[in-house]
Amino acid sequence: DAKTTQPPSMDCAEGRAANLPCNHSTISGNEYVYWYRQIHSQGPQYIIHGLKNNETNEMASLIITEDRKSSTLILPHATLRDTAVYYCIGQGDMRFGAGTRLTVKP
Amino acid sequence: EAEVAQSPRYKITEKSQAVAFWCDPISGHATLYWYRQILGQGPELLVQFQDESVVDDSQLPKDRFSAERLKGVDSTLKIQPAELGDSAMYLCASSLEGHNYEQYFGPGTRLTVT
Numbered sequence: 676d677a678k679t680t681q682p683p684s685m686d687c688a689e690g691r692a693a694n695l696p697c698n699h700s701t702i703s704g705n706e707y708v709y710w711y712r713q714i715h716s717q718g719p720q721y722i723i724h725g726l727k728n729n730e731t732n733e734m735a736s737l738i739i740t741e742d743r744k745s746s747t748l749i750l751p752h753a754t755l756r757d758t759a760v761y762y763c764i765g766q767g768d769m770r771f772g773a774g775t776r777l778t779v780k781p
Numbered sequence: 002e003a004e005v006a007q008s009p010r011y012k013i014t015e016k017s018q019a020v021a022f023w024c025d026p027i028s029g030h031a032t033l034y035w036y037r038q039i040l041g042q043g044p045e046l047l048v049q050f051q052d053e054s055v056v057d058d059s060q061l062p063k064d065r066f067s068a069e070r071l072k073g074v075d076s077t078l079k080i081q082p083a084e085l086g087d088s089a090m091y092l093c094a095s096s097l098e099g100h101n102y103e104q105y106f107g108p109g110t111r112l113t114v115t
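Protein chains in written order, with our numbering: chain A, 676 to 781; chain B, 2 to 115.
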């Protein structure tokens, strides 16, 4: 089961790309990485997940390093509504840490 | 779009009283999760069901907490007796089957124990 490490907070200017890093050096070879976000006072929301290849959907892109020890969630054009806590989780135990609090500023 | 339903949204109770939360997952989702989230922290898994069976309750304080999913659909989480430290958000989530699928979360129940 993977333990993940994320910076506690980040700022991003509105309209710019937000790049949120996650370290998961203990992830096993067949364990997916999941990303969720939680807007204040709401339940977490699924964003994206991946195994080895980079992934993209309508919400974000996920870049996973070749050694799978880290990944980066990319919000290409951050808006004020993207202000939230972002969680990176290993599939094996789905245990949430404290996440990264992203603040998008005008 | 289908959603996970939870009730009540807010609950205030006195310590030593019993309290219960209800969750109705998305139709067809075999896996149901209960999480507890203390302010400023990430959600902590309390119990995971696969259909009506408990898969993981290793973090559930079994002396006071209980959970059931009798027909493999909706679920109830109970605390008896409630303690001041139980004040938190209780989140329910569901997924198609196990960890291979993304979880969909409900709005949560905010519990305040006085």
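Just so you know, even glycine gets a beta-carbon here, dropped at the ideal spot from N, CA and C. It should be emphasised that the depicted structure is a prediction, and the values quoted were computed from it without experimental measurement.
Ala735/A at chain B interface by Cβ criterion, 7 Å: Along the first sequence, read from residue 1 onward, the residue named residue 735/A stands at position 60. Not closer than 7 Å to any Cβ of chain B, the Cβ of Ala735/A fails to qualify, so no.
Chain A contact for Gly29/B (CB, 7 Å cutoff): What you label residue 29/B is simply residue 28 of the second sequence in a count that begins at 1. Closer than 7 Å: no.
Stretch pair the region 696-708 of chain A + the region 3-19 of chain B: three plus CB contacts closer than 8 Å: no
Interface residues of chain B facing His699/A [CB-CB closer than 7 Å]: Counting from one through the first sequence, the residue named residue 699/A turns up at place 24. Ordered by position in chain B, no residue passes the 7 Å Cβ test against His699/A, which lies about 15 Å from the chain.
CB contact flag (Met90/B, Arg65/B, <7 Å): Taking the second sequence and counting its residues from 1, the one referred to as residue 90/B is at position 89. Taking the second sequence and counting its residues from 1, the one referred to as residue 65/B is at position 64. Taking 7 Å as the Cβ cut-off, Met90/B and Arg65/B do not qualify as a contacting pair.
Under the three-state DSSP convention, the category Gly73/B falls into: Reading the second sequence from its first residue, position 72 is the one you call residue 73/B. Three-state result, Gly73/B: coil.
Buried versus exposed, by CB contacts within 10 Å (16 or more), Gln81/B: For this step, residue 81/B is matched to residue 80 along the second sequence. Exposed, by the Cβ-count rule.
Secondary structure of Gly786/A, DSSP reduced to three states: Nothing can be reported for residue 786/A: it is not among the residues displayed for chain A, which extend from 676 to 781.
Cutoff 6 Å; reference Tyr762/A; Cβ partners in own chain excluding five residues on either side: Here residue 762/A refers to the residue found at position 87 when the first sequence is read from its first residue. Correct list, in chain order: Tyr711, Phe771 and Gly774.
Where the beta strand (DSSP E) containing Leu33/B begins and where it ends: As a first step, residue 33/B must be located in the second sequence, where it is residue number 32. Thr32 to Gln38 is the extent of the beta strand (DSSP E) around Leu33/B.
Residue-chain proximity (Pro683/A, chain B), Cβ-Cβ < 7 Å: Position 8 of the first sequence, counting from 1, holds the residue named residue 683/A. Cβ-Cβ to chain B under 7 Å: no for Pro683/A.
Local Cβ density within 10 Å of Gly109/B, reported as buried at 16 or more and exposed below that: Your numbering for residue 109/B matches position 108 in the second sequence. That one is buried.
Through-space distance from Gly725/A to Ser54/B, alpha-carbon basis: Start at 1 with the first residue of the second sequence, and residue 54/B comes out as number 53. Start at 1 with the first residue of the first sequence, and residue 725/A comes out as number 50. Roughly 28 Å between the two C-alpha positions.
Chain B within 7 Å of Thr725/A, Cβ atoms only: Taking the first sequence and counting its residues from 1, one reaches residue 725/A at position 50. First, the residue type needs correcting, since residue 725/A is Gly and not Thr in the sequence shown. False, the Cβ-Cβ gap to chain B never drops below 7 Å.
Cutoff 7 Å: Glu69/B Cβ touching any chain A Cβ: Taking the second sequence and counting its residues from 1, the one referred to as residue 69/B is at position 68. No, because no Cβ of chain A sits closer than 7 Å to the Cβ of Glu69/B.
Identity of the residues DSSP links to Met685/A by a beta bridge: For this step, residue 685/A is matched to residue 10 along the first sequence. For Met685/A, which the question treats as bridged, DSSP gives the partners Leu777/A.
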